[in-house]
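Protein chains in written order, with my numbering: chain E, 1 to 343; chain P, 1001 to 1274.
Below: the structure, in structure tokens.
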Amino acid sequence: MTEMSAAPAILVEGLTKSFGEVHALRGIDLAVPRGTVLGVLGPNGAGKTTAVRILTTLLRPDAGRALVEGRDVVREAAAVRRSIGLSGQSAAIQEELTGRENLEIVGRLYHLSWPHARSRATELLAQFDLLDAADRPAKTFSGGMQRRLDLAASLVGKPQVLFLDEPTTGLDPRSRLGMWDIIRSLVAGGTTLLLTTQYLDEADELADEIVVIDQGLVIAAGTAEELKGRVGGDVVEFTVPDRRRVTDAVTAIAKLGEGEPHFDAGTGVVSVGVGGRGSEALIEAVRALDAAGVETHGLALRRPSLDDVFLALTGHAAEDAEPPGKRRRGRRKASQDSSREAS
Amino acid sequence: MTAIAAQPGARPGPPGLLIRARWAVSDTLTITRRNLLVWMRVPAYIVFTVIQPVMFVLMFRYVFGGAIAVQGVRGGYVSFLMPGIIGQTAAFASFGTAIALAQELQKGVIDRLRSMPMARSAVLAGRLLADTARMLVTILIVLAVGYAVGFRFQNGVVPAVAMVVLATMFGLAICCIAAYTGLAIGDEESVQAFGLIWLFPITFLSSAFVPISTMPGWLQAFANNQPVTYVINAMRALALGQPIEANLLKSIASLAAIFIVFAPLAVRAYKRAS
């Protein structure tokens, strides 16, 4: 048993996969120890879903190898399928059937006897707080309930390794927090989890280790704290209420930062990494902005977030749209996939 | 919150051949059951599979029927019509196959199933089995309506049953084509648009509704030599006790050809799907 535990639950070496001209994975390595959570972080089209699809035996890699619980995902696919659970970006449940029927059918497909499939369904419905709605068609469920049902379905076979591909994409903030609670308790039960996400706070919140993937390559790996250390210190940030003055503000603080200031057009936040100079840089920023006559809100010094890490590593923000001209998959698959990821 | 039980279960070794065969059967039946449950829950599917063919019977019997002369058929047009309508009903059942598979592919249901330790054949086999059962129910309802508006089998029970079996095999063959196209297209909206349209010419440009001799010559050349005509002529011969000639052999040959080409294509599309 000790020997078993030493081997990682997931081991990936030099995995590559291309779809025609598009190189979805360009040689990634991963190792996930048993009972831990790996957060795979990256923007749309980074290759996260492709990696999950290879690890769950849905796709063959072009090169490299992937082991789940010591079994090769290509040569021992059937054995791998017996030890994994997968919950994807959209709820893969049958909406016309009730929550209970959905889980019972999955139980039968895991070759549980009828009574066993029934009791397992009831057990999961209770655990996921779906018992009251259990006998309603799943199409009457809210988005959060459907995701919970989908996650419950992935646990019917009591998997040792669970793959959650963007489990909270498209959920409202409350459902998202509920999902996080559920995921935490799963991990407390000893399940190994590989979680992909575009949300940095999600990875920060749930993962023991994080790998950052961009354009099919692992560009950074470590704990959330280690990755934050990569940014090299604190961040000064503020918003500019008058959008016309943003350029002036950026020019004013350009000299005090370690790197280029970043302006996020979505949130209106201007930020700049200031290294170890902390409060000194903050005072300089106040003076520079005052001298430039730019009014700001919420000027503050803070510890770096994973957003800053992503920005520092890739030069673009994590939640930005894909770089133009880069599609992750060839032909029909491209549209199919982007519609899945867009939700 | 309490820890959710997801303790690693005992990992069984690889199952033997006999167990795998038993699982393949049980998985197919589970998927069949699921598909039939879904069908019964959606009123639109019931309307499509039951009301629409019944409307066809009534319209052809009472609206067009008076204008279509058939010679040498005992019982007149309704006797001529019913085998044709039943053949068309069987073929149209395939629309549901294509739609359902495209939907499951798009929603990630097929991905989910493929990541589970179930028999890989079960999704397709269960789909075809459920659709065949559904088709059989529709055929029997259409037959009952036919009886109500004057149709009678004129050749005894065994040929009557043989006609229903032939219609079902024909429908199943078309379902194989639909399974392939549904999975290959993989997009529900496109399947909605194109899944049914090709069935209109192949069923109407046949002996299903009118005697082929009333068509212009160039059309007769096509209508006389296509599988739907072979099948419907054979069905008609079985129902009405006409000479069956070469039609039964030609039907069986063309159905076999469809299976040989499209069953492997559907399996391949399923393996590659998503």
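In this text, a Cβ means the ideal position worked out from N, Cα and C, and glycines have one as well.
Per DSSP, the continuous beta strand (DSSP E) segment holding Glu209(E) begins and ends at Glu209 to Asp214. Non-local beta-carbon contacts of Arg1236(P) in its own chain, meaning distances under 8 Å to residues more than five positions away in sequence, involve Phe1080, Pro1083, Gly1084, Ser1207 and Gln1242 in chain order. Contacts with chain P at 8 Å (Cβ-Cβ) do not include Tyr199(E). For the alpha helix (DSSP H) assignment, the uninterrupted runs of no fewer than 4 residues enclosed by the region 1185–1249 of chain P are, from N- to C-terminal side, 1188–1194, 1199–1204, 1217–1223 and 1227–1240.
Residue pairing of Leu1081(P) in beta bridges, as defined by DSSP: absent, with no partner found. Counting only runs of at least 3 residues, the region 60–97 of chain E fully encloses the following beta strand (DSSP E) elements, listed from N- to C-terminal order: 63–68 and 84–87. Around the beta carbon of Ser83(E), a 10 Å sphere encloses 16 or more other beta carbons of the protein chains shown; the residue is thus reported as buried.
Scanning its chain for C-beta atoms nearer than 6 Å, with the 5 sequence neighbours on each side dropped, one finds around Ala252(E) the residues Ala288, Leu289 and Ala292, in chain order.
Beta-bridge analysis with DSSP links Ala221(E) to Val211(E).
Its chain contains Pro1015, Met1118 and Ala1119 as the residues whose beta carbon lies nearer than 8 Å to that of Trp1023(P), once the 5 sequence neighbours on both sides are disregarded; these appear in chain order. Taking Arg100(E) as reference, the option from Asp72(E), Ala79(E), Leu86(E) and Asp135(E) with the minimal CA-CA separation is Asp135(E).
Here Trp1039(P) is buried, its C-beta having at least 16 other C-beta atoms within 10 Å.
From the beta-carbon of Arg1041(P), the residues of chain E found nearer than 9 Å are Glu96, Leu97 and Pro137. The beta carbon of Ala63(E) sits no closer than 8 Å to any beta carbon of chain P.
Boundaries of the beta strand (DSSP E) harbouring Arg302(E): His297 to Arg302, taken from the DSSP string. Under DSSP, His116(E) shares a beta bridge with no residue. Between the C-alpha atoms of Phe1209(P) and Pro43(E) there is a straight-line separation of about 57 Å. For Ser271(E), there is no enclosing alpha helix (DSSP H); the enclosing beta strand (DSSP E) has its first and last residue at Val269 to Gly275. Thr197(E): member of the beta strand (DSSP E) spanning Thr192 to Thr197, first to last residue.
Looking at the backbone, the Cα of Ala66(E) and that of Val73(E) are separated by about 6 Å. Here Ala1266(P) has Leu1124, Cys1176, Ala1179, Tyr1180 and Leu1183 as same chain residues with Cβ atoms under 7 Å from its own Cβ, once five neighbours each way along the sequence are excluded. Inclusion of Ala1093(P) and Gly1171(P) in the CB contact set at 8 Å is warranted, their separation being smaller than that value.
A Cβ-Cβ distance of about 5 Å is found for the pair Leu193(E) and Leu162(E), placing them in contact under the 8 Å criterion. A distance below 6 Å between beta-carbons, with the five flanking residues on each side excluded, links Ala79(E) to the following residues of its chain, in chain order: Arg71. For Ile213(E), the closest alpha carbon among the candidates Ser18(E), Gly47(E), Thr122(E) and Thr16(E) is that of Gly47(E). Rounded to the nearest whole angstrom, the CA to CA distance from Ile1232(P) to Ile1141(P) is 18 Å. Burial state of Thr247(E) is exposed, judged by a 10 Å Cβ sphere holding fewer than 16 other Cβ atoms. Residue-level contact by beta carbon holds for Asp1111(P) and chain E, with a gap shorter than 8 Å.
Within the same chain, and ignoring the five residues on either side of Ala24(E) in sequence, the residues whose Cβ sits closer than 6 Å to its Cβ are Lys17, Gly47, Thr50, Gly216 and Arg328. Residue contact with chain E for Leu1037(P): present (Cβ-Cβ distance below 8 Å to some residue of chain E).
Taking Val236(E) as reference, the option from Thr191(E), Leu299(E), Gly107(E) and Ala153(E) with the minimal CA-CA separation is Leu299(E). Taking Leu55(E) as reference, the option from Thr223(E), Thr196(E) and Ala281(E) with the minimal CA-CA separation is Thr196(E).
Straight-line measurement puts the Cα of Thr1097(P) at about 30 Å from the Cα of Leu164(E).
Apart from sequence neighbours up to five positions away, the residues of its chain that approach Arg303(E) with a beta-carbon distance below 8 Å are Lys228, Asp234 and Val235, ordered along the chain. With a cutoff of 8 Å on beta-carbon distance, Thr57(E) and Ala31(E) are scored as not near each other. Distance between Ala1223(P) and Val1047(P), taken at the CA atoms: about 30 Å.
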